[in-house]
Every structure is written in structure tokens, then in C-alpha cells.
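Enquirer: Chains as they are written, first to last, in our numbering: chain A, 417 to 491; chain B, 4 to 554.
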């Protein structure tokens with residue numbers, strides 16, 4: 417019972433809290449728009465994982481080793 | 004960027020650095036205010052809790068409750084605007100700095116994972132209780148949630164600063180030439196290195212200053228407008244005490260941080276001081292004519308023109324002794340002997356040993372691929388013998404090892420200068436706001452003598468108001484303190500150049516082989532995006548300040 421009471425209270429904390437938000441609604445709107453831009457636009461279209469697209473899977477260390485040794489002056 | 008032999012676009016390095024700096028500077032607009040306001044709203048709510056428990060008048064209890072809620076509301080605005088701005092830095096690691104990311108993956112993985120878990124669970128739980136729980140949980144639990152929200156944010160900062168400190172002074176790791184990664188050998192060495200502890204203390208305490216300045220400025224604005232005067236007066240007192248303690252604390256931790264820099268990054272200290280030729284009994288430069296345009300002629304060894312220094316202070320700051328030895332830029336480039344008799348090799352020696360390390364690494368990997376174990380072991384030994392100077396193998400000209408002197412010199416002076424101004428400012432505000440006997444009269448008499456306060460009996464004895472110019476000064480302090488805070492980061496990051504990881508990986512080896520045009524495009528995309536987001540934040544914040552508390 418005590419456990420159920422805790423989860424019930426926790427649920428209502430969030431439920432009532434979200435329902436009674438005023439300024440919070442604006443802030444959440446800003447957060448969601450920002451997260452959409454960051455993950456659905458920036459990450460997807462502008463920030464691919466460079467190594468994933470340039471090195472074979474499992475051979476990233478070989479790619480980095482080649483890059484690092486070739487960039488030194490004594491090559 | 005003549006040091007790149009392969010077809011790495013020279014602009015890629017500069018644009019990647021500029022983009023990272025832009026993102027980090029933007030991110031750092033939110034973090035210090037979050038940390039600073041967390042402390043102040045915690046103090047306000049503690050007062051509310053204690054008044055409530057002591058059975059104070061209902062109006063007094065209600066006043067402190069609303070004061071706490073007001074600062075929590077402004078904290079919420081800033082917190083919401085700062086959410087996820089740091090994630091963009093991680094995107095940039097993976098795209099623009101892939102070699103660096105691979106090399107540090109094992110070291111950064113643990114701290115950043117801990118940061119993510121702590122930030123998510125602590126902040127999402129306790130922020131919710133703080134904002135939604137006023138009528139749902141007990142006063143004690145609510146108070147604990149408010150403090151834990153601040154603690155969660157501070158712990159998040161800890162792990163990020165641990166990662167940054169490791170870049171300044173890599174410890175607790177070993178480079179694995181098979182995986183090409185630095186692998187953690189001691190979590191505690193990484194998490195509790197002196198650099199990490201110093202950086203954490205100095206950074207978090209300086210963030211409290213930002214919070215204090217913000218609270219004092221908002222309070223002063225209300226006093227100017229003659230609105231919410233009780234909240235403003237009480238908040239002013241809290242802000243001024245937090246401010247003076249934090250400003251003095253930042254000076255003290257800054258001194259400790261300076262000593263750490265002297266040990267681990269002497270070139271950074273030399274650049275900060277425009278110290279070309281070092282020695283014992285070094286004076287601290289207060290000001291000098293270091294041209295902000297271009298690198299000075301440090302090779303001549305002549306000190307900057309119009310230099311005014313405090314005798315012995317640099318030696319004292321760096322070594323805690325008046326006659327301590329502090330190397331200058333030329334000493335570091337040419338090699339020098341420390342007071343204990345050990346010798347720091349010249350840049351040329353380090354470059355040669357770095358090239359040997361890189362050649363041995365390549366030969367080791369080839370021997371391993373050919374299954375020639377004896378050759379592999381011999382090359383591995385050569386690599387380990389010279390590994391300490393690995394990064395120097397990428398350096399063509401020793402001049403590349405000198406960070407931008409003007410930026411370091413002026414950014415350091417901006418940070419320290421504004422820091423000193425803030426100590427004075429908070430001291431005056433605290434003395435006058437608390438009407439400390441004798442001191443407040445003395446301060447008012449001094450200000451009257453300087454002509455910045457009318458000298459009448461009512462103004463000096465029994466005066467209650469702060470002078471109007473002090474209200475405006477408080478508002479001006481907000482951008483100034485941000486400039487000082489960002490300047491601190493400029494010193495930390497520009498002073499480390501050319502390294503992404505000190506002595507291990509210069510920027511031109513760390514960067515991905517991208518087209519500069521694509522990085523430049525995302526730089527301007529960020530500039531537009533960040534400017535828009537900042538405008539939205541400032542607009543919402545100002546609206547909430549104008550609205551005021553719901554008393």
C-alpha cells in the first residue's frame with residue numbers, strides 16, 4: 417500500500433504540476449523546439465559521426481593511426 | 004598552418020576551433036547563472052524554512068516563501084534555456100574532432116556518462132519537486148530538493164571540468180598503441196587530479212559571483228523603480244554576502260589555479276604574463292602595452308613597453324616564494340634548468356623525440372601486422388621512451404608552441420581586473436545594505452569626499468538608501484561579470500594552444516579531414532541560432548523580472 421501510495425503521489429506531482437504550469441508551458445515549448453532543432457536537424461544533417469563514415473566498422477583505430485602518423489613531419 | 008603535410012584544409016582547423024569556442028561561450032552563458040542562482044535560492048528557502056519552523060509571523064513566512072519562489076522562477080527560465088546547449092559540443096567532437104575523440108574516448112566516457120546519469124536523475128527528479136511540490140511535499144523535503152537541484156547541477160559541472168582538466172594535464176591514463184586510445188588506469192587520478200580540483204573550485208565559485216551579481220542587479224533595479232522593495236532589500240543583502248565571499252574565494256582559488264598552471268603549463272603562464280625571458284624574483288605585470296594585434300616579438304627578449312609590475316609577485320604567485328624561478332617563453336623554447344637542478348628540454352629536443360615516438364608507433368603497428376614480435380617490442384620500447392613528447396612530433400616550427408600572447412595577456416587582466424572591481428563593489432553594497440556600524444558611516448563619508456554622495460547628516464548617519472549610482476553600477480556589473488567569466492575560459496583554452504591535449508595532440512592533428520566550407524557554414528548557422536535563442540531567453544527573463552514576485 418505504501419508503495420502504491422508513493423507512486424500515486426509521484427504521478428500526481430508531475431501530472432498536477434504539468435497541468436497547472438503557466439510560464440512552464442512557454443519554457444517547455446522552447447525546450448522542445450530547441451531539442452528538435454538540435455537532434456532532428458543539426459545532428460541528422462550537419463553532424464554525422466566522422467569516423468563511422470570514413471572508417472570500416474571495427475577498424476577505426478587503423479584509420480586514426482594512419483591519419484596521425486601521416487600528419488607528422490617525418491613521413 | 005604550414006605544418007600540415009596532407010591535404011587538410013587549413014581553414015578547417017580555424018573554423019572548427021571558432022565553432023567550438025562559439026558553442027562553449029554560448030553554453031557558458033547559462034551554466035554559471037544556474038550554479039549561482041541555485042545557491043541563492045537555496046539560501047532563501049532555508050531562511051523560509053527556519054522562519055516557518057521558529058513560528059515567525061505568517062506574513063514573514065509568506066514573504067520568504069515568495070522570495071524563494073521568485074528566484075526559483077528565474078532559475079527555471081535560465082535552466083530551461085541552457086538545457087542541451089552542451090550536447091552540441093559533443094556533436095562537434097564526433098564530427099570536427101574525430102581523431103581527438105577517438106584518442107580520448109576511454110577517458111571521457113566515464114566522466115561524461117556519470118555526468119549524464121547524475122544530471123538526468125538528480126535534476127529531473129528534484130527540479131520537478133522544487134517547482135511542482137510546494138503543496139505536495141513537506142517543507143523539509145522541498146528544501147532538500149532545492150539544495151539537491153543545485154548540488155546536481157554542481158556535480159554535472161564537476162565531471163565536465165574533470166574532462167577539461169584532463170585536457171590541460173593528462174593523468175591517470177596510458178596510451179594503447181594497438182587501439183590508438185588513451186585508456187584510463189586510475190579513475191581517481193583522473194577525477195581528483197589537482198588540476199581538476201583547482202579548476203572545479205575556481206569555476207564553481209566564480210559561477211556563484213555571476214549568481215550574486217544577477218540577484219544584486221535585479222534587486223537594485225526594483226529599488227530604482229521603487230517596486231518590491233522588501234524583496235529587493237533582503238535579496239540585496241543575501242546577494243552581497245554571497246558575492247563578497249565568492250569574489251574573495253575566486254581570488255584565493257585563482258591563486259591556487261595559477262600555481263597549478265605554473266607547474267603543468269608554464270607556457271600558458273608565460274603567455275598570460277607576456278613574460279619573454281624568465282628568471283627568479285619575477286614581478287607580476289599589472290599592465291603593459293601588449294598590442295592586441297598580432298604576436299609580439301618575444302624573441303628579442305625585451306619586456307613589453309610601458310610595463311608596470313608588482314615586484315616579486317609573479318614568483319610569489321607561481322611558487323609561493325619571493326625568489327622562485329618562473330620560466331619565460333624563450334626559456335621554455337630553448338630549454339632551462341629548474342632550481343632543483345633538473346633540466347627541461349628545449350622545444351627542438353622535444354620535437355625530435357616526438358618524431359621518434361610517432362615513427363616508432365607506425366613501425367610498431369606495421370611489425371604487429373607482419374607478426375614480427377621482436378621488432379614490435381623494440382619499436383614499442385622506443386615509443387614508450389619518447390611518448391612523453393609525442394605531440395611535439397607534429398610541430399614544424401617551435402613558434403607554433405607559443406599561444407596567442409595578446410589574447411592571454413588581456414583576457415587574464417580583464418578577468419582579474421573585473422574580479423577586483425567586484426570585491427570592492429560587493430564590499431560597498433554589503434557595508435551599506437547591512438548598515439554595518441562605523442564601516443557604513445566611513446564608506447559614506449569616503450564617497451562624499453569623492454563627490455559621489457551628497458554629504459549631509461541624514462545621508463551619513465541614519466541613512467537607509469543606497470546611492471542611485473550604485474543601483475546603476477549593479478546593473479552594469481552583470482555584463483562585466485559575464486565578460487570576466489568568459490575571459491577566464493579564454494585564458495584556460497587559448498593558453499593551452501596549440502594543444503587539444505597538452506603535449507599530446509596539437510589541433511592540426513586532432514581535427515577531422517573536413518572541408519572548411521562545411522564547418523564555416525555550421526559556424527554561421529550556430530551564430531544565427533544561438534543569437535535567436537539568447538534573444539528569446541533575455542526576453543523571457545526580462546519579462547519575468549518586470550512581472551516580479553507574486554506577493
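Glycine included, C-beta positions come from ideal geometry on N, C-alpha and C.
Can you confirm whether residue 463(B), when its beta carbon is compared against all beta carbons of chain A, has any partner nearer than 8 Å?
Expert: For the purposes of this step, residue 463(B) is identified with residue 460 of the second chain, where counting begins at 1. Reliability of the predicted coordinates at residue 463(B) is poor, the pLDDT of 48 falling under 50, and no value is obtained from them.
Enquirer: Jot down the residue ranges of each uninterrupted alpha helix (DSSP H) in the stretch 166 to 200 of chain B, minimum 4 residues, whole runs only, in chain order.
Expert: 190 to 194
Enquirer: Give the residues of chain A in contact with residue 98(B), contact being defined as C-beta atoms less than 9 Å apart.
Expert: The sequence position of residue 98(B) within the second chain is 95, counting from 1. What residue 98(B) touches in chain A: 462, 463, 464, 465, 466.
Enquirer: Classify residue 441(B) as buried or exposed, calling it buried when 16 or more other Cβ atoms lie within 10 Å of its own Cβ.
Expert: Sequence index remark: in the second chain, residue 441(B) carries index 438 (1-based). Counting Cβ neighbours within 10 Å, residue 441(B) comes out exposed, since fewer than 16 surround it.
Enquirer: For residue 124(B), is the classification buried or exposed, using 16 other Cβ atoms within 10 angstroms of its Cβ as the cut-off for buried?
Expert: Taking the first residue of the second chain as 1, we reach residue 124(B) at position 121. Exposed is the call here.
Enquirer: Using only the alpha-carbon positions, how far apart do residue 476(A) and residue 171(B) sit?
Expert: Residue 476(A) sits at position 60 when you count from the first residue of the first chain. Residue 171(B) sits at position 168 when you count from the first residue of the second chain. If you take the alpha carbons of residue 476(A) and residue 171(B), they lie about 25 Å apart.
Enquirer: Assign residue 464(B) to one of two classes, buried (16 or more other C-beta atoms within 10 Å of its C-beta) or exposed (fewer than that).
Expert: Indexing the second chain from 1 puts residue 464(B) at position 461. The predicted position of residue 464(B) is uncertain, since its pLDDT is 48 and thus under 50; a value taken from the coordinates is nonetheless stated next. The residue in question, residue 464(B), is exposed, as its Cβ has fewer than 16 Cβ neighbours within 10 Å.
Enquirer: Between the Cα of residue 245(B) and those of 189(B), 454(B), 216(B), 257(B), spot the shortest distance and give me the residue it belongs to.
Expert: Translated into positions along the second chain, residue 245(B) becomes position 242. Selected option, being the one with the closest Cα: 216(B).
Enquirer: Sorted by chain position, which residues of the same chain lie with C-beta nearer than 7 Å to residue 79(B)'s C-beta, five sequence neighbours on each side aside?
Expert: In the second chain, residue 79(B) corresponds to position 76, counting from 1. If we look at residue 79(B) and ignore the five residues flanking it on each side, its Cβ neighbours are 134.
Enquirer: For the beta strand (DSSP E) containing residue 396(B), name the first residue and the last one.
Expert: Start at 1 with the first residue of the second chain, and residue 396(B) comes out as number 393. Taken as a continuous stretch (DSSP letters only), residue 396(B) belongs to no beta strand (DSSP E), as it is neither H nor E.
Enquirer: Check whether the Cβ atoms of residue 64(B) and residue 72(B) lie closer than 8 Å to each other.
Expert: Along the second chain, one-based indexing puts residue 64(B) at 61. Along the second chain, one-based indexing puts residue 72(B) at 69. No.
Enquirer: For residue 81(B) and residue 540(B), I'd like the C-alpha separation in whole angstroms.
Expert: As a position in the second chain, residue 81(B) is number 78, starting the count at 1. As a position in the second chain, residue 540(B) is number 537, starting the count at 1. Cα to Cα, residue 81(B) sits roughly 7 Å from residue 540(B).
Enquirer: Measure from the C-beta of residue 85(B) to each C-beta in chain A and report whether the shortest distance is under 8 Å.
Expert: Here residue 85(B) corresponds to residue number 82 of the second chain, with the count starting at 1. No, no contact with chain A.
Enquirer: Using a Cβ-Cβ cut-off of less than 9 Å, list which residues of the stretch 61 to 90 of chain B approach chain A; keep chain order.
Expert: 76, 79, 80, 82, 83, 84, 86, 87, 88, 90
Enquirer: Figure out for me which residue from 70(B), 483(B), 265(B), 551(B) has the closest Cα to the Cα of residue 238(B).
Expert: As a first step, residue 238(B) is located in the second chain; it is residue number 235 there, counting from the start. Among 70(B), 483(B), 265(B), 551(B), the Cα nearest to that of residue 238(B) is on 70(B).
Enquirer: Can you give me, in chain order, the residues of the stretch 436 to 447 of chain A that have a beta carbon less than 9 Å from any beta carbon in chain B?
Expert: 436, 437, 439, 440, 442, 443, 444, 446, 447
Enquirer: Answer with yes or no whether the minimum CB distance from residue 432(A) to chain B is below 8 Å.
Expert: Stepping through the first chain from its first residue, residue 432(A) is reached at position 16. Answer yes: the Cβ-Cβ gap between residue 432(A) and chain B drops below 8 Å somewhere.
Enquirer: Which partner residues of residue 347(B) appear in the DSSP bridge assignment?
Expert: In the second chain, counting from the first residue as 1, residue 347(B) sits at position 344. Looking at the DSSP output, residue 347(B) bridges to 339(B).
Enquirer: Say whether chain B places a C-beta atom closer than 8 Å to the C-beta of residue 456(A).
Expert: Locating residue 456(A) in the first chain gives position 40, where the first residue counts as 1. Against chain B, the CB of residue 456(A) has no partner CB under 8 Å away; the residue lies outside that interface.
Enquirer: Measuring CB to CB, does residue 241(B) end up less than 8 Å from residue 46(B)?
Expert: Taking the second chain and counting its residues from 1, the one referred to as residue 241(B) is at position 238. Taking the second chain and counting its residues from 1, the one referred to as residue 46(B) is at position 43. Yes, Cβ-Cβ distance for residue 241(B) and residue 46(B) is below 8 Å.
Enquirer: Does any residue of chain A bring its CB to less than 8 Å from the CB of residue 438(B)?
Expert: Here residue 438(B) refers to the residue found at position 435 when the second chain is read from its first residue. Not one chain A Cβ lies under 8 Å of residue 438(B).
Enquirer: For residue 102(B), decide whether its Cβ has a neighbour in chain A, counting only Cβ atoms nearer than 8 Å.
Expert: Within the second chain, residue 102(B) is the residue found at index 99, counting from 1. For residue 102(B), the nearest CB of chain A lies under 8 Å from its own CB, placing it at the interface with that chain.
Enquirer: Run through the stretch 431 to 499 of chain B for me and flag every whole alpha helix (DSSP H) of 4 or more residues, listed as ranges in chain order.
Expert: 442 to 452, 460 to 463, 471 to 497
Enquirer: DSSP three-state label for residue 287(B), please.
Expert: Start at 1 with the first residue of the second chain, and residue 287(B) comes out as number 284. Of the three classes helix, strand and coil, the one that applies to residue 287(B) here is strand, per DSSP.
Enquirer: Compare the C-alpha of residue 481(A) against each of 510(B), 515(B), 364(B), 547(B) and name the closest.
Expert: To locate residue 481(A), count along the first chain from 1; it is residue 65. It is 364(B).
Enquirer: Could you please tell me which residues of the stretch 361 to 374 of chain B, in chain order, have their CB closer than 8 Å to any CB of chain A?
Expert: 361, 362, 364, 365, 368
Enquirer: In terms of residues, what are the limits of the alpha helix (DSSP H) holding residue 100(B)?
Expert: Taking the second chain and counting its residues from 1, the one referred to as residue 100(B) is at position 97. Neither: residue 100(B) is in no alpha helix (DSSP H) and is coded neither H nor E.
Enquirer: If contact is defined by three or more beta carbon pairs under 8 Å, each pair taking one atom from either stretch, is the stretch 311 to 318 of chain B in contact with the stretch 278 to 291 of chain B?
Expert: yes
Enquirer: Under 8 Å between C-beta atoms, does residue 246(B) make it to chain A?
Expert: As a working note, residue 246(B) is residue 243 in the second chain. It does not; no Cβ of chain A falls within 8 Å.
Enquirer: Once the 5 residues before and after residue 250(B) are set aside, which same chain residues still bring their CB inside 7 Å of it?
Expert: Along the second chain, read from residue 1 onward, the residue named residue 250(B) stands at position 247. The answer, listed in chain order, is 212, 422, 425, 426, 429.
Enquirer: Can you list the residues of chain B that residue 459(A) reaches, using a CB-CB cut of under 8 Å?
Expert: What you label residue 459(A) is simply residue 43 of the first chain in a count that begins at 1. Correct list: 94.
Enquirer: So, residue 278(B) versus residue 331(B), is the Cβ gap smaller than 8 Å?
Expert: Residue numbering aside, residue 278(B) sits at position 275 when the second chain is read from its first letter. Residue numbering aside, residue 331(B) sits at position 328 when the second chain is read from its first letter. Yes. Within cutoff.
Enquirer: With distance defined between alpha-carbon atoms, name the residue in 77(B), 21(B), 40(B) nearest to residue 544(B).
Expert: For the purposes of this step, residue 544(B) is identified with residue 541 of the second chain, where counting begins at 1. With distances taken between Cα atoms, residue 544(B) lies closest to 77(B).
Enquirer: Is it buried or exposed for residue 303(B), if we count other Cβ within 10 angstroms and need 16 for buried?
Expert: The residue you call residue 303(B) lines up with position 300 of the second chain. Classification for residue 303(B): exposed.
Enquirer: Along the beta strand (DSSP E) that carries residue 503(B), what are the first and last residues, could you check?
Expert: Residue mapping note: residue 503(B) aligns to position 500 of the second chain, counting from 1. Its beta strand (DSSP E) spans residues 502 to 504.
Enquirer: Ordered along the chain, which non-local residues of its own chain (more than five positions away) have a Cβ less than 8 Å from that of residue 259(B)?
Expert: Here residue 259(B) refers to the residue found at position 256 when the second chain is read from its first residue. Sequence-distant Cβ neighbours of residue 259(B) in its own chain, meaning closer than 8 Å and more than five residues away, are 201, 204, 205.
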